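K.L.:
Chains as they are written, first to last, in the working numbering: chain A, 1 to 112; chain B, 113 to 226. Yeah, the Cβ is synthetic: ideal placement off N, Cα and C, and Gly gets one too. Predicted model only: the values in this text are computed from it and were never measured.
Below, the structure is given as structure tokens:
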């Protein structure tokens, strides 16, 4: 079952611009996390947001969560070449079971 | 150094030849999980474990087995691999389940079944 779906599938922007990625999910959750993956390597945790939170910041990252719309967004400000990667959202299954479900990811390419 | 260690990194095998991919974590994490990653499909959960001797199916468990005899180890077993199990596999662990804490990922195992 597909819980999280990222949008867009791919995004190319100029260095210095802001990048926004969205994640939608279908059922209620307790927590949502965002991860980065560089070219076939292991995923790296970026930020955790809980269902009772609306916004969190970490450095150049800003994550929002709208539980009424079942969606989250990840904003990367002042993008750098090193931000080129795939970004995934992950959601739990609420209180139904202990599965963790990832979306298909957004491939972000930062142009020099 | 806190880490999740998967072995091997690359594996080429033939249909039907049993194999095991090992996963070990040194962070005393309760939760461990296996994922496979395929182009266009993202990461799909195969099995997960909330604690020793407790394992549950993820979304794509067919053709795989796991065991959790010790807290630190969570091997993935393919009893009779088939070509459709050719994929990139990741092991991950976290202190708590249900995304209450960050997942730590291994570097992946690229499996090819011919």
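Who are residue 169 (chain B)'s beta bridge partners in DSSP?
P.N.:
B:159
K.L.:
Pick out whichever of A:52, A:42, A:36 has its Cα sitting closest to the Cα of residue 61 (chain A).
P.N.:
Ranked by Cα distance from residue 61 (chain A), the options A:52, A:42, A:36 are led by A:36.
K.L.:
Residues in the same chain with beta-carbon distance under 7 Å from residue 206 (chain B), minus the five sequence neighbours each way, listed in chain order, please.
P.N.:
141, 143, 213, 214, 215, 216
K.L.:
Check this for me: beta carbons of residue 110 (chain A) and residue 81 (chain A), under 8 Å apart or not?
P.N.:
yes
K.L.:
Which term fits residue 31 (chain A), buried or exposed, when burial requires 16 or more other beta carbons within 10 angstroms of its beta carbon?
P.N.:
buried
K.L.:
What are the residues of the region 195–209 of chain B that lie near chain A, defined by any Cβ-Cβ distance shorter than 8 Å?
P.N.:
200, 202, 204, 209
K.L.:
In the DSSP assignment, find the unbroken beta strand (DSSP E) run with residue 56 (chain A) in it and report its ends.
P.N.:
55–58
K.L.:
If you compare alpha carbons, which of B:195, B:208, B:209 is closest to residue 222 (chain B)?
P.N.:
B:195
K.L.:
Which first and last residues belong to the beta strand (DSSP E) in which residue 222 (chain B) is found?
P.N.:
Boundaries of the beta strand (DSSP E) around residue 222 (chain B): 221–225.
K.L.:
Of all the CB atoms in chain B, is at least one closer than 8 Å to the CB of residue 96 (chain A)?
P.N.:
no
K.L.:
From the DSSP output, read off the bridge partner residues of residue 147 (chain B).
P.N.:
B:157, B:202
K.L.:
Output yes if chain B places a C-beta closer than 8 Å to the C-beta of residue 43 (chain A); else output no.
P.N.:
yes
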